[in-house]
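Visitor: Structure below; questions to follow.
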DNA sequence: CTGTATCCCGTACGATACTG
DNA sequence: CAGTATCGTACGGGATACAG
């Protein structure tokens with residue numbers, strides 16, 4: 030029960046520190062969480078974790094993403110140094126995206142979260158059912 | 030480099046499985062990520078990780094959250110079984126919120142993510158600077 | 001003290017059309 | 001193939017006022 034305290038303390042500290050920066054910039058921790066929370070970033074990272082892929086290859090594997098969001102999300106990931114972009118000057122141009130070292134390092138902690146999610150789903154579902162029943 | 034592959038595979042599998050459920054319900058993994066991504070859930074979890082707290086106590090410690098979002102976020106966390114709500118029938122009513130076992134178990138994997146974020150911030154910031162400079 | 005109800009706005013995202 | 005540009009919308013979330 031006390032295991033998380035240090036982590037929690039540091040987290041809150043970081044968060045508040047950023048709040049005092051006022052509009053200058055946002056909290057670095059929130060920054061990361063926002064990416065994780067947005068609709069496509071992590072899905073793309075996971076798809077790229079398997080192997081480097083080309084633009085349309087990703088598009089085919091993730092059919093329900095719009096071209097706009099695929100481009101935009103890849104740009105954001107690239108900007109943050111999680112993904113690198115390689116243009117091949119072939120006849121029809123082709124562009125390959127791959128995880129950087131930083132991007133690959135994200136997979137580990139993110140994996141723990143997925144593991145937690147998968148393990149906890151039954152309990153969450155049950156909690157919801159119980160909660161909704163009463164309400 | 031290959032460490033994340035299994036995790037990634039399972040993740041993508043889960044994700045797609047939910048996509049096929051069509052509008053019935055959303056992906057369980059996405060479900061969790063959405064909570065982590067939303068503006069206040071994880072901050073509140075971290076604040077409650079230190080100790081159980083009352084409504085206004087939380088409100089005071091997180092001054093920039095609106096009453097609406099504090100209430101709403103706490104309800105969501107309660108619904109998912111991450112937080113429990115205890116009403117004390119005192120003269121001015123008081124309500125205490127505390128993490129459930131499930132809620133506490135989230136702190137561990139989430140902590141890894143925070144750790145990663147903190148460790149990676151310099152690299153991300155540099156990547157951004159580099160990216161923006163070129164553009 | 002612990003909420004609920006209402007209004008309002010920014011933006012994340014999708015759909016569609018066009019380009020080198 | 002790999003994008004960019006434009007438009008429209010749904011919704012997260014803030015501000016404010018009210019209530020038990």
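Residue numbers (this note's numbering), protein chains in the order written: chain A, 30 to 164; chain B, 30 to 164.
Every residue, glycine too, gets a C-beta built ideally from N, C-alpha and C.
1. Pull up the distance between the alpha-carbon of residue 69 of chain B and that of residue 86 of chain B, whole angstroms please.
2. Is there a Cβ from chain B that is less than 8 Å from the Cβ of residue 65 of chain A?
3. Between residue 72 of chain B and chain A, is the shortest Cβ-Cβ distance under 8 Å, so that the two count as touching?
4. Can you tell me whether residue 113 of chain B is helix, strand or coil according to DSSP?
5. Any idea what DSSP makes of residue 51 of chain A, helix, strand or coil?
6. Which residue wins for smallest C-alpha separation from residue 58 of chain B, given the options A:137, A:58 and A:148?
7. So which of A:108, A:133, A:71 and A:141 has the shortest CA-CA distance to residue 164 of chain B?
8. For residue 145 of chain A, would you say it is in contact with chain B, using Cβ-to-Cβ distances shorter than 8 Å as the test?
9. Can you tell me whether residue 56 of chain A is buried or exposed, with buried defined as 16 or more other CB within 10 angstroms of its CB?
10. Which residues of the stretch 111–126 of chain B have a Cβ closer than 7 Å to any Cβ of chain A? Give them in chain order.
11. Of the choices B:62, B:90 and B:134, whose alpha-carbon is the least far from that of residue 41 of chain A?
12. Cβ-heavy atom distance between residue 39 of chain A and the ligand NAD below 7 Å?
13. Nearest to residue 44 of chain A by alpha carbon, out of B:143, B:159, B:153 and B:156?
14. Strictly below 7 Å CB to CB, what residues from chain B border residue 153 of chain A?
15. Between which two residues does the alpha helix (DSSP H) holding residue 123 of chain B run?
16. Counting pairs of beta carbons, one from the stretch 110–124 of chain B and one from the stretch 93–105 of chain A, are three or more of them closer than 8 Å?
17. Since residue 65 of chain B and residue 62 of chain A are thought to touch, with beta carbons under 8 Å apart, how far apart are those beta carbons, to the nearest angstrom?
18. Return yes when the Cβ of residue 37 of chain B is within less than 8 Å of the Cβ of residue 158 of chain A, no when it is not.
19. Suppose you measure from the CA of residue 139 of chain A to the CA of residue 145 of chain B; what does that come to, to the nearest Å?
20. Measure the C-alpha to C-alpha separation of residue 73 of chain A and residue 153 of chain A and round it to an integer number of angstroms.
21. For the candidate residues B:95, B:125 and B:135, whose alpha-carbon lies nearest to that of residue 165 of chain B?
22. Cα separation between residue 156 of chain B and residue 95 of chain A?
23. Interface residues of chain A around residue 62 of chain B at Cβ under 7 Å?
24. Do you know whose CA, among B:98, B:131, B:82 and B:151, lies nearest residue 60 of chain A's CA?
25. Which of helix, strand or coil does DSSP assign to residue 82 of chain A?
26. Using DSSP with H/G/I as helix, E/B as strand and the rest coil, what is residue 138 of chain B?
27. Taking CB distances under 8 Å as the criterion, tell me whether residue 81 of chain A reaches chain B.
Guide: Answer, in terms of the structure:
1. For the purposes of this step, residue 69 of chain B is taken as residue 40 along the second chain, with counting starting at 1. For the purposes of this step, residue 86 of chain B is taken as residue 57 along the second chain, with counting starting at 1. So the two alpha carbons sit approximately 15 Å from each other.
2. Stepping through the first chain from its first residue, residue 65 of chain A is reached at position 36. Answer yes: the Cβ-Cβ gap between residue 65 of chain A and chain B drops below 8 Å somewhere.
3. Residue mapping note: residue 72 of chain B aligns to position 43 of the second chain, counting from 1. Judged by the 8 Å Cβ criterion, residue 72 of chain B is in contact with chain A.
4. If you number the second chain from 1, residue 113 of chain B lands on position 84. Residue 113 of chain B falls in the strand class under three-state DSSP.
5. Residue mapping note: residue 51 of chain A aligns to position 22 of the first chain, counting from 1. Any reading at residue 51 of chain A must be qualified, since the residue scores a pLDDT of 48, below 50, and its modelled position is unreliable; the value itself is stated next. Here residue 51 of chain A sits in helix by DSSP.
6. To locate residue 58 of chain B, count along the second chain from 1; it is residue 29. Closest option to residue 58 of chain B, Cα to Cα, is A:148.
7. Translated into the one-based positions of the second chain, residue 164 of chain B becomes position 135. When each option's Cα is compared against that of residue 164 of chain B, the closest is A:108.
8. Stepping through the first chain from its first residue, residue 145 of chain A is reached at position 116. It does: the Cβ of residue 145 of chain A has a partner Cβ on chain B nearer than 8 Å.
9. To locate residue 56 of chain A, count along the first chain from 1; it is residue 27. It is buried - the Cβ of residue 56 of chain A has at least 16 other Cβ atoms within 10 Å.
10. none
11. Position 12 of the first chain, counting from 1, holds the residue named residue 41 of chain A. Measuring from the Cα of residue 41 of chain A, the nearest candidate turns out to be B:90.
12. The ligand NAD is absent from the structure shown, which contains no ligand whatsoever.
13. As a first step, residue 44 of chain A is located in the first chain; it is residue number 15 there, counting from the start. Ranking B:143, B:159, B:153 and B:156 by Cα distance to residue 44 of chain A puts B:143 first.
14. Translated into positions along the first chain, residue 153 of chain A becomes position 124. Under the 7 Å cutoff, chain B gives 109 and 110.
15. Counted from its first residue, the second chain places residue 123 of chain B at position 94. First-last for residue 123 of chain B: 123–128, but that is the beta strand (DSSP E), not the alpha helix (DSSP H).
16. no
17. Taking the second chain and counting its residues from 1, the one referred to as residue 65 of chain B is at position 36. Taking the first chain and counting its residues from 1, the one referred to as residue 62 of chain A is at position 33. With a Cβ gap of about 6 Å, residue 65 of chain B and residue 62 of chain A count as contacting.
18. Position 129 of the first chain, counted from the start, is the residue given in the question as residue 158 of chain A. Position 8 of the second chain, counted from the start, is the residue given in the question as residue 37 of chain B. No, they are not a contact pair.
19. Taking the first residue of the first chain as 1, we reach residue 139 of chain A at position 110. Taking the first residue of the second chain as 1, we reach residue 145 of chain B at position 116. If I take the Cα positions, the gap works out to 9 Å.
20. As a first step, residue 73 of chain A must be located in the first chain, where it is residue number 44. As a first step, residue 153 of chain A must be located in the first chain, where it is residue number 124. If you take the alpha carbons of residue 73 of chain A and residue 153 of chain A, they lie about 26 Å apart.
21. As displayed, chain B neither begins before 30 nor continues past 164, which places residue 165 of chain B out of reach and without an answer.
22. Indexing the second chain from 1 puts residue 156 of chain B at position 127. Indexing the first chain from 1 puts residue 95 of chain A at position 66. Distance between the alpha carbons of residue 156 of chain B and residue 95 of chain A: 26 Å.
23. Within the second chain, residue 62 of chain B is the residue found at index 33, counting from 1. Those within 7 Å of residue 62 of chain B in chain A are 65, 66 and 71.
24. Counting from 1 along the first chain, the entry for residue 60 of chain A is found at position 31. The option with the nearest alpha carbon to residue 60 of chain A is B:151.
25. As a position in the first chain, residue 82 of chain A is number 53, starting the count at 1. Correct three-state label for residue 82 of chain A: strand.
26. Here residue 138 of chain B refers to the residue found at position 109 of the second chain. The answer is helix: DSSP assigns residue 138 of chain B an H, G or I state.
27. Looking up residue 81 of chain A in the first chain gives position 52. By this cut-off, residue 81 of chain A is not an interface position.
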